[in-house]
Amino acid sequence: MLEEAYERLHRTGPEFEGWLSNHGPMAVESMVRRGRARDVHRWLDAYMDRLEELPSGTWTITDGGWREALGDGRRLGDWLSFFETELKRQPWRAVLETWWPRLLPGIAAGATHGVIRTGHAVRELLSHEDEMRLAELGQALGYWAARWQTVAATATPSGTADPAGALAGVPRVPDQNQGINHRLAQLAGTAGWEGSLAALRPAADAEQARERLAELANAATLRYLAHAHGNPVMLVHSATAPTAVLRTLPALPTSLWGPSLAAAWAASAAVIAAYGPAEPAPREDLPAAPEREEAFDRAVRHGDEHAIKFADTALDVYDRTGDPDALAAVIRAVDSIAPL
Numbered sequence: 023m024l025e026e027a028y029e030r031l032h033r034t035g036p037e038f039e040g041w042l043s044n045h046g047p048m049a050v051e052s053m054v055r056r057g058r059a060r061d062v063h064r065w066l067d068a069y070m071d072r073l074e075e076l077p078s079g080t081w082t083i084t085d086g087g088w089r090e091a092l093g094d095g096r097r098l099g100d101w102l103s104f105f106e107t108e109l110k111r112q113p114w115r116a117v118l119e120t121w122w123p124r125l126l127p128g129i130a131a132g133a134t135h136g137v138i139r140t141g142h143a144v145r146e147l148l149s150h151e152d153e154m155r156l157a158e159l160g161q162a163l164g165y166w167a168a169r170w171q172t173v174a175a176t177a178t179p180s181g182t183a184d185p186a187g188a189l190a191g192v193p194r195v196p197d198q199n200q201g202i203n204h205r206l207a208q209l210a211g212t213a214g215w216e217g218s219l220a221a222l223r224p225a226a227d228a229e230q231a232r233e234r235l236a237e238l239a240n241a242a243t244l245r246y247l248a249h250a251h252g253n254p255v256m257l258v259h260s261a262t263a264p265t266a267v268l269r270t271l272p273a274l275p276t277s278l279w280g281p282s283l284a285a286a287w288a289a290s291a292a293v294i295a296a297y298g299p300a301e302p303a304p305r306e307d308l309p310a311a312p313e314r315e316e317a318f319d320r321a322v323r324h325g326d327e328h329a330i331k332f333a334d335t336a337l338d339v340y341d342r343t344g345d346p347d348a349l350a351a352v353i354r355a356v357d358s359i360a361p362l
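Residue numbers (the working numbering): 23 to 362.
Okay, here's the thing in structure tokens:
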């Protein structure tokens, strides 16, 4: 079922209507992974009318000239062609090991959808390698490279706070209006931003970096329950971005786990700064937790791609922590996001 879905989706581009991200591959991977394969084609039938054709390349990106094309959205088709070729020429783990440290500083690409799509693709390849899954990784990496965008972050984790405490200390940008680029551009001048980045307790080794990433995904998911009203769609990415990085770690050398934590932390904090509300919602206004399986079923019935991806992340969090607020957060997303 997933191969069939990828075949349909790979005729479409990573974006539509300007900068909107094609969530199809991420949502269907989550649905198949969570036992809802029977709903994939029905969901795609409703979703694909919004999508646009796969862009074609214009100029070849070379090994020596990739830097000048990084972050150039006009070269999207060129980047897709580049990674299609690279993944035919080398093993996918070798391509990922080369390009992960090059792309990681631009983790904000496509409102973090570049790294999120990569995380979904890698999760599949770690389970099973085939032509369609390799093609999906190529499209994910190509999209990330074309929309490569940094987060203003000169400070790295050096404090004593756990991820929940560190996220609580992230300041809001002064002007929470307009799109994500306008909001991220304010980070460097936002009082307390660099200090909040430094507040996170650093990891002493690779295994601690993996543990801290899991804690960050947990904290962002649980935080969503009371803070989703800031922007129920965009705040999903504060949890799904670090989750994508966490899922990619097993395919990477352990030497890259520490930098991966730092980048994921900066991305999650940036989303909170850009879209977090001034105050949490009162506890009495929050939904109750459903049963585990019901949480994902509710997201699929709702149909929104963000709700589906968030539910996939929330189930990981619930399985790690046993905290029912992770499941309640899914219902908050379903109740807050307009259905497909």
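Just so you know, even glycine gets a beta-carbon here, dropped at the ideal spot from N, CA and C.
Checklist entry - Is it right to say threonine 151 is buried, meaning 16 or more other beta carbons lie within 10 angstroms of its own, or is it exposed? => result Threonine is not the amino acid found at residue 151; the sequence shown has glutamate there. Exposed, because fewer than 16 other Cβ atoms sit within 10 Å of the Cβ of glutamate 151.
Next on the checklist: To the nearest angstrom, how far is the alpha carbon of threonine 140 from that of leucine 308?
Outcome noted: C-alpha separation (whole angstroms): 32 Å.
Checklist entry - Do you know how far the Cα of glutamate 90 is from the Cα of alanine 168? => result The alpha-carbon atoms of alanine 168 and glutamate 90 are separated by roughly 11 Å.
Item to check | Buried or exposed by the 16-neighbour rule on C-beta atoms within 10 Å, applied to aspartate 347 | outcome: So aspartate 347 ends up on the buried side.
Checklist entry - Skipping 5 residues on each side, what residues in its chain have a beta carbon closer than 7 Å to that of arginine 223? => result Contacts found: Pro179, Gly181, Thr182, Ala183, Asp184.
Next on the checklist: By DSSP's criteria, serine 43 is part of a beta bridge. Which residues make up the other side?
Outcome noted: Answer is Glu37, bridged to serine 43.
Next on the checklist: Check for me: the alpha helix (DSSP H) holding aspartate 347 runs from which residue to which?
Outcome noted: Segment 347-358, the alpha helix (DSSP H) holding aspartate 347.
Checklist entry - Whose C-beta lies closer than 8 Å to the C-beta of phenylalanine 38 among residues of the same chain, with five residues either side of it excluded? => result Closer than 8 Å at the Cβ level, and outside the excluded window around phenylalanine 38, lie Asn44, Arg72, Leu73, Glu74.
Next on the checklist: Would the segment 323-341 count as touching the segment 253-271 if we require 3 or more Cβ pairs under 8 Å?
Outcome noted: Per the Cβ contact rule, the segment 323-341 is in contact with the segment 253-271 (3 or more Cβ pairs under 8 Å).
Item to check | Proximity below 8 Å, CB of alanine 131 to CB of glutamine 171 | outcome: Yes, Cβ-Cβ distance for alanine 131 and glutamine 171 is below 8 Å.
Checklist entry - At what residues does the alpha helix (DSSP H) containing glutamate 26 begin and finish? => result The continuous alpha helix (DSSP H) containing glutamate 26 extends over residues 24-31.
Checklist entry - By a C-beta neighbour count over all protein chains shown, 10 Å radius and 16 as the cutoff for buried, is arginine 111 buried or exposed? => result Classification of arginine 111: exposed, given that the 10 Å Cβ count is below 16.
Item to check | Per-residue burial, arginine 60 [other beta carbons within 10 Å of its own, 16 or more giving buried] | outcome: The residue is exposed, with fewer than 16 neighbouring Cβ atoms inside 10 Å.
Checklist entry - Can you tell me the Cα-Cα spacing of arginine 30 and alanine 213, whole angstroms? => result Rounded to whole angstroms, arginine 30 to alanine 213 spans 46 Å at the Cα level.
Item to check | Cα-Cα separation, threonine 243 to alanine 350 | outcome: Going from the Cα of threonine 243 to the Cα of alanine 350 covers about 10 Å.
Checklist entry - Out of curiosity, what's the CA-to-CA distance linking alanine 133 and alanine 221? => result Distance between the alpha carbons of alanine 133 and alanine 221 is about 23 Å.
Item to check | Reference serine 149, options Val255, Gly86, Val54, closest by Cα | outcome: With distances taken between CA atoms, serine 149 lies nearest to Val54 out of Val255, Gly86, Val54.
Checklist entry - In angstroms, rounded to a whole number, what distance separates the CA positions of valine 293 and alanine 250? => result Their Cα atoms are separated by approximately 12 Å.
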